[in-house]
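In our numbering, the protein residues as written are 2 to 72.
Where a beta carbon is used, it is the ideal one built from N, C-alpha and C, also for glycine.
Encoded as structure tokens, the structure appears first; notes follow it.
So, in structure tokens, the structure goes:
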């Protein structure tokens, strides 16, 4: 199991939600209360200033972060 930090961002305001354990970023995203989908760099640049999204970061050395847009 890995540990992930989950944050939610809306209109540039980031709020740390929780630490969760799971095998993958997607597994964690599927447990979150708001419907979401993983996005890639092009879409992130469009929503990073005005959108609402989760950031899920693996808490290990060199851990990756993935962005999940909230629908």
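Shown here for residue 46: not one same chain residue has a beta carbon closer than 6 Å to its own, the five before and five after excluded. With contacts defined as CB atoms closer than 8 Å, residue 26 and residue 41 fail to qualify as a contacting pair.
Listed in chain order, the non-local C-beta contacts of residue 54 below 7 Å within the same chain comprise 10, 48, 68, 69, 70 and 71, local neighbours out to five positions each way being set aside. When secondary structure is reduced to three states using DSSP, residue 46 falls in the helix class.
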